[in-house]
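Heads up, the thing below is written out as structure tokens.
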Amino acid sequence: GAGVSQSPSNKVTEKGKDVELRCDPISGHTALYWYRQSLGQGLEFLIYFQGNSAPDKSGLPSDRFSAERTGGSVSTLTIQRTQQEDSAVYLCASSLNINGGNEQFFGPGTRLTVL
Amino acid sequence: AQSVAQPEDQVNVAEGNPLTVKCTYSVSGNPYLFWYVQYPNRGLQFLLKYITGDNLVKGSYGFEAEFNKSQTSFHLKKPSALVSDSALYFCAVRDIGYSSASKIIFGSGTRLSIRP
Chain R
7 GAGVSQSPSN
17 KVTEKGKDVE
27 LRCDPISGHT
37 ALYWYRQSLG
47 QGLEFLIYFQ
57 GNSAPDKSGL
67 PSDRFSAERT
77 GGSVSTLTIQ
87 RTQQEDSAVY
97 LCASSLNING
107 GNEQFFGPGT
117 RLTVL
Chain F
-7 AQSVAQPEDQ
3 VNVAEGNPLT
13 VKCTYSVSGN
23 PYLFWYVQYP
33 NRGLQFLLKY
43 ITGDNLVKGS
53 YGFEAEFNKS
63 QTSFHLKKPS
73 ALVSDSALYF
83 CAVRDIGYSS
93 ASKIIFGSGT
103 RLSIRP
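Each protein sequence line maps, in turn, to chains R and F.
Residues in the first sequence are numbered from 7 upward in steps of one, following our numbering.
Residues in the second sequence are numbered from -7 upward in steps of one, following our numbering.
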């Protein structure tokens, strides 16, 4: 079975441009998470979706960041008016659901570079 | 609020020696605890988890971890390190004391370096 996939794998953009990052979770997984990882650093939680519930957006660093999940499957993370400090690896993960002890399955990440 | 701490940024071990990567946590209720590994230029992979039951849990690649409630710790261990174990390790916790679904909190990571 396919794992979590993310696209693009690499994205280079100019400061001020908007970018969209895509995540395809594992089929049947109702929980989907976005994290940000700066070079060699820990994971910064951004947002999670659980089924049809309202997403937990508590980790989004500014109103330039938004995410949606259509049809309970694919998710898109959008960063508007990108800044150099947005440069990082953006990781997506999915799990069976958000309750209980279900582990997360991570995608390979999108490396975003803002020039 | 829940939190997790990995007190060591880096752990260096000689191949063949036992290794320990430390993790402590703080939750209001009972924890679910996880270890993940990130190999160079790759995504995070699940290693093992503690949900309930035996305090010693075994996972992938010969790793194990011991849940210690009194010390609020969940240290990762392996009896004999391999050079291929060199990677970045993350501890994570979810507080199941919350009435609503809660997110997993990750530690800052520990870089494990195994020298031949």
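Glycine included, every Cβ here is placed at the ideal spot set by N, Cα and C.
This one's a predicted model, so the numbers in the text were calculated from it and none came from an experiment.
Nearest to residue i by alpha carbon, out of the options?
i, options, result
"L25 of chain F", "F:V75, F:L48, F:V3, F:G35", "F:L48"
"L104 of chain F", "F:G35, F:D77, F:R86", "F:D77"
"A(-7) of chain F", "F:I96, F:P108, F:R107", "F:I96"
"A57 of chain F", "F:I88, F:N22, F:V13, F:V29", "F:V13"
"K23 of chain R", "R:F71, R:S100, R:G78", "R:F71"
"H67 of chain F", "F:F82, F:L74, F:V75", "F:F82"
"S79 of chain R", "R:K63, R:P14, R:N103", "R:N103"
"A8 of chain R", "R:V120, R:G113, R:R117, R:T119", "R:G113"
"H155 of chain R", "R:Q47, R:V120, R:Q56, R:D69", "No answer is possible for residue 155 of chain R: the residues shown for chain R start at 7 and end at 121."
"T16 of chain F", "F:S65, F:P32, F:V3, F:L74", "F:S65"
Using 10 angstroms around the beta-carbon of residue i, count the other beta-carbons present and answer buried if the total reaches 16, otherwise exposed.
i, result
"S92 of chain F", "Confidence at S92 of chain F is low in this model, with a pLDDT of 45, below 50, so its placement is unreliable and no value can be given for it."
"D92 of chain R", "buried"
"Q43 of chain R", "buried"
"V193 of chain F", "Because residue 193 of chain F is not part of the residues shown, which for chain F are -7 to 108, the question remains open."
"Q89 of chain R", "exposed"
"V120 of chain R", "buried"
Between residue i and residue j, what straight-line distance do the alpha-carbon atoms span, to the nearest angstrom?
i, j, result
"G101 of chain F", "L52 of chain R", "17 Å"
"G8 of chain F", "K69 of chain F", "13 Å"
"F55 of chain F", "S72 of chain F", "10 Å"
"S52 of chain F", "L40 of chain F", "7 Å"
"A94 of chain R", "T84 of chain R", "14 Å"
"L80 of chain F", "L11 of chain F", "14 Å"
"S(-5) of chain F", "Q110 of chain R", "18 Å"
"L38 of chain R", "R87 of chain R", "24 Å"
"Q63 of chain F", "K21 of chain R", "47 Å"
"C66 of chain R", "N60 of chain F", "The question names Cys, but residue 66 of chain R in the sequence shown is Leu. Straight-line Cα distance between these residues: approximately 33 Å."
"Q12 of chain R", "S33 of chain R", "14 Å"
"C29 of chain R", "V10 of chain R", "7 Å"
"I106 of chain F", "T76 of chain R", "44 Å"
"G21 of chain F", "T19 of chain R", "44 Å"
"P(-1) of chain F", "V29 of chain F", "17 Å"
"S59 of chain R", "Q47 of chain R", "30 Å"
In chain F, which residues lie with their C-beta within 8 Å of the C-beta of residue i?
i, result
"L97 of chain R", "G35, L36"
For a contact meaning CB atoms closer than 7 Å, what does residue i contact in chain F?
i, result
"G115 of chain R", "G35"
For a contact defined as C-beta to C-beta under 9 Å, what are the partners of residue i on chain F?
i, result
"F112 of chain R", "Y28, Q30, G35, L36, Q37, F38"
Please list, in chain order, the chain R residues whose beta carbon lies closer than 9 Å to that of residue i.
i, result
"K95 of chain F", "Y39, F51, Y54, D62, S64, G65, I104"
Output, in chain order, the set of chain R residues within a Cβ distance shorter than 8 Å of residue i.
i, result
"L100 of chain F", "The sequence as given places Ser at residue 100 of chain F; Leu does not occur at that position. Q47, G48, listed in chain order."
List, in chain order, every chain R residue whose beta-carbon is nearer than 7 Å to that of residue i.
i, result
"K24 of chain F", "The sequence given here has Tyr at residue 24 of chain F, not Lys. Within 7 Å Cβ-Cβ: G107."
Residues in the region 55 to 74 of chain F with C-beta within 8 Å of chain R's C-beta atoms, listed in sequence order?
Those residues of the region 55 to 74 of chain F placed with their C-beta closer than 8 Å to a C-beta in chain R do not exist.
Residues in the region 46 to 64 of chain R having any Cβ partner in chain F nearer than 9 Å
Those would be G46, Q47, G48, L49, E50, F51, Y54, Q56, S59, D62, S64, in chain order.
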